[in-house]
Amino acid sequence: MADDTNTTMKAMTEKDLENLKRLLKGEDPLTLAQSTDTDPKQLQALKDSFLKAQYRQIIEQEITGKKPGRNAPCPCGSGKKYKKCCLAKHEEIKKSISPDIWKQIKAEKERKEKIKSQIEEGFNLLASGEYEKAVELADKLLKKYPEDDRLYDIKVHSNIFLGKFNQAIRICRARYEAAKQEKEFFLEHGIHRGHESGEESLSHYYSPLSWLEKYWIALKALAYDAQLPQNGNERVKKLVKKLKEADNLKKFPEKGDRGLEQRRKALEPVIKELQEIGPEAIPYLLPLTINFSWSSLFVPEILAAYPVEDAWRAMMEISMFGYSYITAACCNYLKEKGEILIPLLQEFVVKNPEFDPLKTGIIRVLGEIKSRETFEILKRLLEHEDPYVVKAAAISIFRQGFDEALELLEKTEKRVGFIPELHKAIVELKARKNKMQA
10 MADDTNTTMK AMTEKDLENL KRLLKGEDPL TLAQSTDTDP KQLQALKDSF LKAQYRQIIE
70 QEITGKKPGR NAPCPCGSGK KYKKCCLAKH EEIKKSISPD IWKQIKAEKE RKEKIKSQIE
130 EGFNLLASGE YEKAVELADK LLKKYPEDDR LYDIKVHSNI FLGKFNQAIR ICRARYEAAK
190 QEKEFFLEHG IHRGHESGEE SLSHYYSPLS WLEKYWIALK ALAYDAQLPQ NGNERVKKLV
250 KKLKEADNLK KFPEKGDRGL EQRRKALEPV IKELQEIGPE AIPYLLPLTI NFSWSSLFVP
310 EILAAYPVED AWRAMMEISM FGYSYITAAC CNYLKEKGEI LIPLLQEFVV KNPEFDPLKT
370 GIIRVLGEIK SRETFEILKR LLEHEDPYVV KAAAISIFRQ GFDEALELLE KTEKRVGFIP
430 ELHKAIVELK ARKNKMQA
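Following our numbering, the numbering of the sequence shown begins with 10 at its first residue and continues without gaps.
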C-alpha cells in the first residue's frame, strides 16, 4: 500500500535510505555492506521490507484499477521504466495469489477506507472548532485502534485549543517515546509491532521527529498562554483579531501564493500597525503560531520589525515548529541580523537539548554568519549524536569555507558513517582543494 511504503521510508535513517536506493539500483549487497560498514543481513531485510510494501501496493492498484503505466517510472524506485523493471515480476506474483488472498486484501482495503473516513471526520471537527466532539470521536476510535497516531494528533490539537495544555503535553511526550521504540523495532524486524501476526495493521504511525515537533509546540502553547497579560492591551487585541481574518476562507478563497498575496494586500494596514506598536504585541502574536494558519504566516515579518532580543528569541522558538514557510521566514529574518545574534544563537543551541533535532534551521543560520565564533559553535555540533544536527552543522561548515572544514568533515564521516549531504560536501571540498593545488 502507498501508506505502508511511506511509513517504511519514514522509519528509516538517512543511512538506510541511501543504502536502499543503492540496492534498488542494483549495487551488490556484499560490496555495499563492506563500503558502509553494515551487516549484509540488515541490508537484505531492508530491501525485503520495502519490496513487500511495494508488492502490496501493486496488488491494491490492481484491485482499484490505479496501476502504473508501462512507461511510467517503476514504483520500486530504481529509476527505470516499469516495463523494463518490475512489471514482469509483478505479473508473476499476481498469477500466484489465490482468490482467498485477493478477497482478504480487498476487505482490508475497505476497512482502511472506513477508518480513513472516520479520522477525516475527526480532523473536520477540529477544523470547525468542535473540539470536545473531536476528542470524543478520537477516544472512541482509539479503543479499536490504540496505536493510530492520527487520533492522538486530533486529541493533542483539540486539548490545546481547549486550554488543556498539560494533557496535550502528556500525550505528545508519551507518543514521542512510543515512536522512538516503534522505529527501533521496525529497523530491527522490518515490520511494525502491529504486523507481527502477519496481518497488516490499520494503524498509522508518525515518526519520532513529528512527535518531537508536536511536543515542542504543546510546551510553547502552555508558555505563550501564561505570557498573555491579564489586563490586555485592547488596541493590540483588536488588531490581532483583525489579523485572524486571514483564516476566513469565505472572505479569502484563494490558495497558495495568490492566497497569501491576497491576504497581505487586504491586511497590510493591520500588519503595519502591529509592526509600529512594537514588542508589546509579542505575547498576543505568538499564540497565533501554535496552529499553522494563514494568520500565522504574517507573524515572522511582524516580529522582525522589533529590534529586541525577545522578538529574536521568539523567531528561534517558532522556527522549530516544523511549519516550512514559517521556519524559512524566521531563519531568513534572523540571518539578516548578522553577528549581533551570535550570543543568542549560541545560548539557544545549547538550551533544551532534548529538542536539538528541531534546531536545524537555527544551525543553518549560524552557517550564514561567517565568523570564527560561529565556526567553533558548529564544530562542537559536529560531535552531536543526532544525524539531523550533524547534517545541518556539516552543511553550515561547508558554506563557511574555512580551511580546516575538509579535515573536520572527513573525521565526522568516519565517526557517524555515510550521510549523503555530508559526503557531498566532502567531495566538493576535495575538488575545490585539488583545483587550487593544480
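We put the beta carbon where it would ideally sit given N, CA and C, even for glycine.
Practice task
Drop a sphere of 10 angstroms on the beta-carbon of Thr40, count the other beta-carbons inside from all chains shown, and report buried for 16 or more, exposed for fewer.
Solution key: exposed
Problem - Host alpha helix (DSSP H) of Pro352 (start-end) - result: Ile351 to Val359
Exercise for the section: Tell me where the alpha helix (DSSP H) around Glu432 begins and ends. Expected result: According to the sequence provided, residue 432 is His. The question's Glu does not apply to it. Segment Pro429 to Gln446, the alpha helix (DSSP H) holding His432.
Exercise for the section: Determine the burial state of Val436: buried for a count of at least 16 other Cβ atoms within 10 Å of its Cβ, exposed for fewer. Expected result: exposed
Exercise for the section: Using the Cα positions of Ile493 and Lys149, report the straight-line distance between them to the nearest angstrom. Expected result: Nothing about residue 493 can be read from this structure; the chain reaches only from 10 to 447.
Practice task
Please state if the CB of Val317 and the CB of Leu509 are separated by a distance shorter than 9 Å.
Solution key: The requested residue 509 is not part of the displayed model; the chain covers only 10 to 447.
Handout entry: Same chain only: Cβ atoms within 8 Å of Pro309, ignoring 5 sequence neighbours per side
Key = Met324, Ile327, Ile335, Ala338, Cys339 and Tyr342
Problem - Cβ separation of Tyr332 and Phe301, assumed to be a contact under 8 Å, to the nearest whole Å - result: 5 Å
Exercise for the section: Please name the residue in Leu367, Phe330 and Glu382 whose C-alpha comes closest to that of Pro352. Expected result: Glu382
Practice task
Report the three-state DSSP secondary structure of Pro448 (helix, strand or coil).
Solution key: Examination of residue 448 is not possible in this model, given that the chain is present from 10 through 447 alone.
Problem - Paired residues, beta bridge with Pro82 - DSSP - result: Lys90
Problem - Contact under 9 Å by Cβ, Ala177 with Ser219 - result: no
Problem - Straight-line gap, Asn28 to Val165 (C-alpha atoms, nearest Å) - result: 35 Å
Practice task
Please classify Arg120: is it buried, with 16 or more other beta-carbons within 10 angstroms of its beta-carbon, or exposed?
Solution key: exposed
Practice task
State yes or no: is the C-beta of Phe174 within less than 9 Å of the C-beta of Ala230?
Solution key: yes
Practice task
Determine contact between the stretch 356–373 and the stretch 262–269, defined as no fewer than three beta-carbon pairs at a distance below 8 Å.
Solution key: no
Handout entry: Opening and closing residue of the alpha helix (DSSP H) in which Ala310 lies
Key = Note that residue 310 corresponds to Glu in the displayed sequence, not to Ala. Here the alpha helix (DSSP H) through Glu310 covers Val308 to Leu312.
Exercise for the section: Ignoring anything shorter than 4 residues or poking outside the stretch 241–306, list the alpha helix (DSSP H) runs there in chain order. Expected result: 243–252, 265–286 and 291–294
Practice task
Look at the alpha carbon of Gln239 and the alpha carbon of Ile291, and state the distance between them as a whole number of angstroms.
Solution key: 14 Å
Practice task
Output the distance between the C-alpha atoms of Lys125 and Glu139, rounded to the nearest integer angstrom.
Solution key: 19 Å
Handout entry: Pairwise C-alpha distance: Gln113 and Glu208
Key = A caution first: Glu208 carries a pLDDT of 41, below 50, which makes its placement in the model unreliable, though a value can still be read off. Those two C-alpha atoms are separated by around 10 Å.
Practice task
Determine the closest residue to Lys467 out of Arg179, Ser212, Glu348 and Glu289, with distance taken between C-alpha atoms.
Solution key: Here the chain has residues from 10 to 447 only, and residue 467 is not among them.
Problem - For Pro316, the three-state DSSP class (helix, strand or coil) - result: coil
Exercise for the section: Check the C-beta distance from Glu377 over to Ala403 and give it rounded, since I have them as a contact under 8 Å. Expected result: The pair is not a contact, with the Cβ atoms about 15 Å apart (cut-off 8 Å).
Practice task
With DSSP collapsed to three states, give me the class of Glu27.
Solution key: helix
Practice task
Compute the Euclidean distance between the alpha carbons of Arg389 and Leu151, then round it to the nearest angstrom.
Solution key: 43 Å
Problem - Where the alpha helix (DSSP H) through Gln236 begins and ends - result: Pro217 to Gln236
Practice task
To the nearest angstrom, report how far apart Asn242 and Tyr215 are at their CA atoms.
Solution key: 40 Å
Exercise for the section: Please say whether Ser304 and Asp256 have beta carbons closer to each other than 9 Å? Expected result: yes
Problem - Limits of the alpha helix (DSSP H) - the one that Cys339 falls within - result: Ser333 to Lys346
Handout entry: Lys142, enclosing alpha helix (DSSP H) - first and last residue
Key = Tyr140 to Leu151
Handout entry: Close Cβ partners of Gln53 (< 8 Å) along its chain, the five nearest in sequence each way excluded
Key = Pro38
Practice task
Might you give, ordered along the chain, the residues of its own chain that have their beta carbon closer than 8 Å to the beta carbon of Val416, omitting 5 neighbours on each side?
Solution key: For the sequence presented, residue 416 should be read as Glu rather than Val. Taken in chain order, the list of residues that qualify is empty.
Exercise for the section: Compare the Cα-Cα distances from Ala232 to each of Glu130, Leu295 and Glu191 and report the closest residue. Expected result: Leu295
Practice task
Sort Glu363, Ala414, Gly410 and Glu419 by Cα distance to Val398 and report the nearest one.
Solution key: Glu363
Practice task
Kindly give me the distance between the Cβ atoms of Ile286 and Ile169, rounded to whole angstroms, as I take these residues to be in contact under 8 Å.
Solution key: Wrong, their Cβ atoms sit about 26 Å apart, outside the cutoff.
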